[in-house]
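Enquirer:
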Amino acid sequence: MDHIGVSVIVCYGAPATLTAMKETSDIPIIFAGVYDPESMNITGKNATGISSTVPIDKIIKLLSEIKKISKLGVLFSKSEKDTIIEVRDLKKSEGPIGFQSVLISVSEHVNKDEIKGVDALLVTTCGVCMSGVKDIVEAARRDKIPTAALIGGGEDAGIVLTLMADPKEQGSTAAKMVKQVLGGSKPAELKLKQPNSIKTIVNLKEAKALGLDVPAGVSGSADKVIQ
Numbered sequence: 000m001d002h003i004g005v006s007v008i009v010c011y012g013a014p015a016t017l018t019a020m021k022e023t024s025d026i027p028i029i030f031a032g033v034y035d036p037e038s039m040n041i042t043g044k045n046a047t048g049i050s051s052t053v054p055i056d057k058i059i060k061l062l063s064e065i066k067k068i069s070k071l072g073v074l075f076s077k078s079e080k081d082t083i084i085e086v087r088d089l090k091k092s093e094g095p096i097g098f099q100s101v102l103i104s105v106s107e108h109v110n111k112d113e114i115k116g117v118d119a120l121l122v123t124t125c126g127v128c129m130s131g132v133k134d135i136v137e138a139a140r141r142d143k144i145p146t147a148a149l150i151g152g153g154e155d156a157g158i159v160l161t162l163m164a165d166p167k168e169q170g171s172t173a174a175k176m177v178k179q180v181l182g183g184s185k186p187a188e189l190k191l192k193q194p195n196s197i198k199t200i201v202n203l204k205e206a207k208a209l210g211l212d213v214p215a216g217v218s219g220s221a222d223k224v225i226q
């Protein structure tokens, strides 16, 4: 890849960024949509960008206001490093908030039997999960299980609660960094950016269909509400 004649590579998400970093150590890489890039060593002389790290404890607290949670099903992928780190951060909240994580590793599709018995379901930034988000929501509906996600794109399919780094900020920040690199700056000279804008989406329609009441404090503080 070092000889393909490009000036900069732009990546969205950890899998794409890690792949690019394996392929080249010379071409500048600008990334966005990467959860806790420092924990994955997604920084270096030729890579920088904007993190998409969100406060995972916040989404659990909000979800707990919608439904009491003792067991939280967590969908992640053992082959996606960012989702493993999200699980790590999630487990830090078990004691303080008072719930138990039920980890469900997804490789090709979600095993619908595995989500039975949980009080709620959290979808990490797992790519496999998001590609099958409609199936996940439908399986959860059968057992009246509310769903939450750390990435956008599933709210219209029926994800009840979404907490995500603002895609517009992610894109605009990455674009500015690309411009700086094309202007002569080195990635190592550009500090890793943290997200300033975190968006919350509440799907009231889905919550009502599950027989759940969303407190006014939760819906009122959301950036977007689906009626």
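For the record, in the sequence shown the residue sitting at position 170 is 169 according to numbering that gives the first Met the number 0, with numbers rising by one throughout.
For glycine and all other residues, C-beta sits at the position ideal for the given N, C-alpha and C.
1) Is it buried or exposed for K241, if we count other Cβ within 10 angstroms and need 16 for buried?
2) Going along the chain, which residues of its own chain have a beta-carbon closer than 6 Å to the beta-carbon of G12, five neighbours each way excluded?
3) Based on the DSSP output, what are the partners of L71 in its beta bridges?
4) With a Cβ-Cβ cutoff of 8 Å, do V217 and E64 count as a contact?
5) Among K167, G4, I41, which residue has its Cα nearest to the Cα of A15?
6) State whether the region 101-108 contacts the region 52-68, with contact taken as three or more CB pairs (one from each stretch) at a distance under 8 Å.
7) Where do the N-terminal and C-terminal ends of the beta strand (DSSP E) with I28 fall, by residue?
8) Which residues in the same chain have their Cβ closer than 8 Å to the Cβ of D142, if we skip the five residues on either side of it in sequence?
9) Tell me V201's beta-bridge partners as DSSP assigns them.
10) What span of residues does the beta strand (DSSP E) with C125 cover, start to end?
11) What separation, rounded to the nearest whole angstrom, lies between the Cα atoms of E107 and E79?
12) Between the C-alpha atoms of E168 and V73, what's the straight-line distance to the nearest angstrom?
13) Just list the residues that DSSP pairs V9 with in beta bridges.
14) How long is the line joining the alpha carbons of E37 and K60, rounded to whole angstroms?
15) Tell me which residue opens and which closes the beta strand (DSSP E) that I49 is part of.
16) Are the C-beta of N40 and some C-beta of chain B separated by less than 8 Å?
17) Determine, using beta carbons only, whether V127 and T146 come nearer to each other than 8 Å.
18) Using 8 Å as the threshold, is the C-beta distance between T124 and I144 below it?
19) If you drop the 5 nearest sequence neighbours on each side, which residues of the same chain put their C-beta closer than 7 Å to that of A19?
20) Within the same chain, show all residues whose beta-carbon is closer than 7 Å to that of V5, passing over the 5 residues directly before and after it, in chain order.
Expert: If we stick to the structure as given:
1) Residue 241 cannot be examined here, being either before or after the span of the chain that is shown, 0 to 226.
2) Here the question's residue 12 lines up with position 13 in the sequence shown. Excluding positions up to five away in sequence, the list reads G32.
3) Here residue 71 corresponds to residue number 72 of the sequence shown, with the count starting at 1. L71 pairs with S100, A119.
4) In the sequence shown, the residue the question calls residue 217 occupies position 218. In the sequence shown, the residue the question calls residue 64 occupies position 65. Contact: yes.
5) Position 16 of the sequence shown, counted from the start, is the residue given in the question as residue 15. Comparing Cα positions, the closest option is I41.
6) no
7) Locating residue 28 in the sequence shown gives position 29, counting from the first residue. Looking at the DSSP string, the run of the beta strand (DSSP E) that includes I28 is 28-33.
8) In the sequence shown, the residue the question calls residue 142 occupies position 143. Closer than 8 Å at the Cβ level, and outside the excluded window around D142, lie I114, K115.
9) Numbered from 1 along the sequence shown, position 202 holds the residue referred to as residue 201. Beta-bridge pairing links V201 to L160, V224.
10) Here residue 125 refers to the residue found at position 126 when the sequence shown is read from its first residue. No beta strand (DSSP E) holds C125; DSSP gives it neither H nor E.
11) Numbered from its first residue, the sequence shown carries residue 107 at position 108. Numbered from its first residue, the sequence shown carries residue 79 at position 80. Distance between the alpha carbons of E107 and E79: 13 Å.
12) Locating residue 168 in the sequence shown gives position 169, counting from the first residue. Locating residue 73 in the sequence shown gives position 74, counting from the first residue. So the alpha carbons of these two residues sit roughly 27 Å apart.
13) Start at 1 with the first residue of the sequence shown, and residue 9 comes out as number 10. In DSSP, V9 forms a bridge with I29.
14) Mapped onto the sequence shown, residue 37 falls at position 38. Mapped onto the sequence shown, residue 60 falls at position 61. Distance between the alpha carbons of E37 and K60: 26 Å.
15) Position 50 of the sequence shown, counting from 1, holds the residue named residue 49. Here the beta strand (DSSP E) through I49 covers 46-50.
16) Given the protein chain composition of this structure (a single chain), no chain B is represented.
17) Locating residue 127 in the sequence shown gives position 128, counting from the first residue. Locating residue 146 in the sequence shown gives position 147, counting from the first residue. Contact flag unset, no.
18) Here residue 124 refers to the residue found at position 125 of the sequence shown. Here residue 144 refers to the residue found at position 145 of the sequence shown. Not a contact, by the Cβ cut-off of 8 Å.
19) Within the sequence shown, residue 19 is the residue found at index 20, counting from 1. These residues qualify, in order along the chain: I8, C10, I28.
20) The count along the sequence shown starts at 1 and reaches residue 5 at position 6. If we look at V5 and ignore the five residues flanking it on each side, its Cβ neighbours are I26.
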